Structures are given as structure tokens and as C-alpha cells.
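I have placed the structure first, in the form of C-alpha cells, so that the comments after it can refer back to it.
Residue numbers (my numbering): 1 to 293.
So, in C-alpha cells, the structure goes:
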């Protein structure tokens with residue numbers, strides 16, 4: 001299913017902490033996005049910082065103002081879409097079988113904490129041995145602007161502003177899509193009543209591991225997702241390394257298990273690396289390249 005959104009619909013889901021982080025600002029400066037836009041409120045926010053931090057806070061205020069201006073200026077040009085699919089799935093060891101396609105995964109070799117198990121995402125999917133099908137969600141989201149490169153040579157600052165906003169908008173689109181999936185399309189959390197700030201700190205049931213992140217570090221997973229999603233439906237193409245174009249794109253899995261949580265795979269030993277390469281059908285050298293992407 002394809003969902004298309006407007007800037008106005010997804011801007012409330014934009015995580016300003018990560019936007020400001022991309023510009024080298026600490027999280028406390030992202031609070032500018034939470035205040036009323038009147039001069040009095042802005043002055044009070046600025047005065048809440050020490051004299052040594054006020055200059056940095058003023059920079060953050062100006063950046064936020066310019067970001068909002070850019071969102072308004074390009075709201076007609078920006079194309080925001082998300083594609084998702086709900087599939088029958090079952091776990092088989094460290095693999096998930098999705099609609100007949102084998103989806104090999106990696107497992108931790110060092111637990112996250114004392115007495116904790118070494119986790120794999122397949123642990124949160126019903127085992128094949130039960131004979132009962134489970135469900136998993138697949139997604140890809142993208143934000144693009146026609147002729148974005150026109151800013152690259154003319155104004156490096158504006159180009160970077162557009163890139164960082166696009167990245168955050170792609171995540172915001174995904175966040176809004178995931179809320180719809182949980183409450184309506186999949187419906188496992190139909191009675192969820194969370195504020196957007198609560199959603200942004202992931203108080204909902206389930207997880208949404210993205211390709212390239214710690215629990216799903218292999219970028220070649222995008223080729224498997226593309227088989228099941230056909231990402232070109234929303235204009236996403238893959239490079240030979242599995243990277244997505246446009247750059248402001250995100251893809252991954254949606255898992256509903258109430259105990260599912262994020263974790264980092266960490267170091268991968270030679271034994272697992274060799275086994276994983278065989279399960280993926282790639283040479284050891286090629287799979288190592290994907291994991292380093």
C-alpha cells in the first residue's frame with residue numbers, strides 16, 4: 001500500500017533533536033521547536049540559556065526559523081511517500097521466511113547485558129515449527145524534490161538545509177505510516193492513544209528496525225525488501241551496494257511482538273560471518289563490503 005502525505009501532515013512528526021544534531025547542536029537547543037513563535041516566547045527561551053550559551057542558542061533559533069521557511073517554500077515541490085506491505089512470516093533459526101522468501105539475519109555474539117540472551121530479530125517472530133503463521137511488516141519511505149541539485153552549486157548552505165530536512169521528513173513520513181499500520185492496517189494496537197512526543201520516544205508496542213541500523217546492519221537487505229515491495233513504485237532505486245536513491249529514503253521491518261526491542265548486533269565473528277554469507281548466497285568478501293557500507 002502506498003501512502004502520500006503533505007508537509008503539513010508530517011511536520012508534527014519531525015524529530016527536531018536529530019535535525020539539530022546533524023548541524024552540531026546539543027539536544028537542549030532543539031527545544032526551540034517546542035515554543036510558541038511569538039517574540040516574547042522566543043526572547044524568554046533565549047534568556048533561559050547562560051550567557052556563554054546564548055550565542056549558540058541564537059544560532060539554533062535562526063536555523064529553526066530558516067528550516068520552517070524552507071518547509072513552507074518547498075511544500076508543493078516536496079514529494080513524501082511511504083510504501084508498506086504486511087506479510088505472513090515465520091522464524092526458522094536466524095532466518096525469517098517471508099512469503100516464501102528466505103530473509104537471513106544476524107545474531108548478537110555478546111549479550112547487551114549480564115544474563116541477557118544473544119538476540120536476533122527472528123526471535124520476535126513465531127517459529128516455523130509451531131505451524132502457525134505470524135505477520136511482519138515491510139516498508140520503504142522516500143522524500144524527494146525535483147531538481148534538488150540546482151542548489152548544490154548555487155548555495156551550499158541551502159543545499160545542506162534541504163538535505164537535512166529531507167532526511168528528517170523521511171523519518172517523519174515513516175513514523176506517521178507506522179502509526180497508521182499499528183492502529184489501522186495491521187490493527188494490533190487499535191486502542192493506542194499516544195501523543196506525538198510519546199510516539200517520538202517510541203512508547204508504542206513493537207519495533208521498526210531500519211536497514212543499516214545496529215540490529216539490521218546489512219545494506220544488501222534492501223535487495224530482499226525490493227523483491228517484496230517493488231520500491232520503484234515510490235521512486236526508490238538501489239545502487240549496486242544496496243544504497244537507496246533518493247538519499248532521503250529509509251526502509252526496514254515492522255515487528256509487533258510486545259517484548260520486541262532494539263539492540264545492536266555488535267562484533268560478528270568469522271564463524272557467523274561465513275555462515276551468514278552462505279545463507280545470503282554471497283561471497284565472504286561481498287557480504288563484508290555490504291556490512292561496511
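C-beta atoms are modelled at their ideal positions from N, C-alpha and C, and glycine is treated no differently. Bear in mind the structure is a predicted one, so any value in this text is a computation, not a measurement.
Going by beta-carbon coordinates alone, are residue 121 and residue 215 separated by less than 9 Å? The residue labelled residue 121 in the question sits at position 121 within the chain shown. The residue labelled residue 215 in the question sits at position 215 within the chain shown. It is a contact, given that the beta carbons lie within the stated cut-off.
Own chain, CB closer than 6 Å to residue 102, minus 5 neighbours either side, in chain order: As a working note, residue 102 is residue 102 in the chain shown. The residues are 95.
What's the call for residue 233, buried or exposed, on a 16-neighbour Cβ count within 10 Å? Mapped onto the chain shown, residue 233 falls at position 233. Classification for residue 233: exposed.
Using three-state DSSP, classify residue 294 as helix, strand or coil. Residue 294 is absent from the structure shown; the chain starts at 1 and stops at 293.
Per-residue burial, residue 201 [other beta carbons within 10 Å of its own, 16 or more giving buried]: In the chain shown, counting from the first residue as 1, residue 201 sits at position 201. Counting Cβ neighbours within 10 Å, residue 201 comes out exposed, since fewer than 16 surround it.
On the CB-based measure, 16 or more other CB atoms within 10 Å of its CB, does residue 223 come out buried or exposed? On the chain shown, residue 223 is found 223 positions in, with the first residue counted as 1. Label assigned to residue 223: exposed.
Given residue 134, which residues of its chain have a CB within under 8 Å of its CB, disregarding the five upstream and five downstream residues? Here residue 134 corresponds to residue number 134 of the chain shown, with the count starting at 1. 88, 89, 90, 91, 125, 126, listed in sequence order.
One question on the structure: do residue 2 and residue 75 come within less than 9 Å of each other, judged by their Cβ atoms? One-based indexing of the chain shown puts residue 2 at position 2. One-based indexing of the chain shown puts residue 75 at position 75. For residue 2 and residue 75, no; Cβs fall outside 9 Å.
Residue 36, buried or exposed, once every other Cβ within 10 Å from all chains shown has been counted against 16: Position 36 of the chain shown holds residue 36. So residue 36 counts as exposed.
Could you check whether residue 254 and residue 178 sit closer than 9 Å to each other, using their CB atoms as the reference points? Along the chain shown, read from residue 1 onward, the residue named residue 178 stands at position 178. Along the chain shown, read from residue 1 onward, the residue named residue 254 stands at position 254. Yes, Cβ-Cβ distance for residue 178 and residue 254 is below 9 Å.
Is any non-hydrogen atom of the ligand HEM found closer than 8 Å to the C-beta of residue 103, if you look at the structure I gave you? Only the bare structure without any ligand can be found here, which leaves the ligand HEM out of the picture.
Since I believe residue 205 is in contact with residue 146 (beta carbons under 8 Å), could you give me their beta-carbon distance rounded to a whole number of angstroms? Indexing the chain shown from 1 puts residue 146 at position 146. Indexing the chain shown from 1 puts residue 205 at position 205. Wrong, their Cβ atoms sit about 38 Å apart, outside the cutoff.
For the segment 86–157, which segments carrying the beta strand (DSSP E) assignment without a break, of at least 3 residues, lie completely within its bounds, in sequence order? 95–98, 101–104, 134–144
Count the C-beta pairs between the segment 270–283 and the segment 236–245 that are closer than 8 Å, then say yes if the count reaches three, no if not. no
With the cut-off set at 9 Å, would you say residue 142 and residue 249 are in Cβ contact? Translated into positions along the chain shown, residue 142 becomes position 142. Translated into positions along the chain shown, residue 249 becomes position 249. Yes, the Cβ-Cβ distance between residue 142 and residue 249 is below 9 Å.
Excluding the 5 residues preceding and the 5 following residue 27 in the sequence, name in chain order all residues of the same chain whose CB lies nearer than 7 Å to its CB. Locating residue 27 in the chain shown gives position 27, counting from the first residue. Excluding positions up to five away in sequence, the list reads 17.
Here's a check: name, in chain order, each residue in its chain whose Cβ is nearer than 6 Å to the Cβ of residue 97, leaving out the five neighbours to either side. Along the chain shown, one-based indexing puts residue 97 at 97. Cβ neighbours of residue 97 beyond the five flanking positions: 90.
Run through the segment 239–264 for me and flag every whole beta strand (DSSP E) of 3 or more residues, listed as ranges in chain order. 249–254
Beta-carbon within less than 7 Å of residue 57's beta-carbon, same chain only, minus the 5 sequence neighbours each way: which residues are those? Here residue 57 corresponds to residue number 57 of the chain shown, with the count starting at 1. So the list reads 29, 46, 49, once near-sequence residues are dropped.
Is it the case that the Cβ atoms of residue 44 and residue 165 are separated by a distance below 9 Å? Position 44 of the chain shown, counted from the first residue, corresponds to residue 44. Position 165 of the chain shown, counted from the first residue, corresponds to residue 165. No, the pair does not count as a contact, with Cβ atoms beyond the cut-off.
Give the DSSP bridge partners of residue 83, in chain order. Within the chain shown, residue 83 is the residue found at index 83, counting from 1. Residue 83 pairs with 2, 140.
What would DSSP say about residue 210, mapped onto helix, strand or coil? By 1-based counting over the chain shown, the position of residue 210 is 210. Correct three-state label for residue 210: strand.
Closest to residue 190 by CA distance: which of 169, 180, 32 is it? Position 190 of the chain shown, counted from the first residue, corresponds to residue 190. Nearest option by C-alpha distance: 180.
Bridge partner(s) assigned by DSSP for residue 291: Within the chain shown, numbered from 1, the residue matching residue 291 stands at position 291. Residue 291 is not bridged to any residue.
Check each candidate in 261, 196, 137 and name the one with the smallest Cα separation from residue 11. Translated into the one-based positions of the chain shown, residue 11 becomes position 11. Of 261, 196, 137, the residue nearest in Cα terms is 196.
Go through its chain and collect everything with a Cβ distance to residue 161's Cβ below 7 Å, but skip five positions before and after it. Taking the first residue of the chain shown as 1, we reach residue 161 at position 161. Result list for residue 161: 66, 67, 70, in chain order.
Straight-line CA distance for residue 306 to residue 62? Because the chain is modelled from 1 through 293, residue 306 falls outside the range shown and cannot be assessed.
Closer than 9 Å to chain C by CB, residue 21: Of the protein chains in the structure, only one exists, and it is not chain C.
In terms of residues, what are the limits of the alpha helix (DSSP H) holding residue 196? Counted from its first residue, the chain shown places residue 196 at position 196. Segment 196–200, the alpha helix (DSSP H) holding residue 196.
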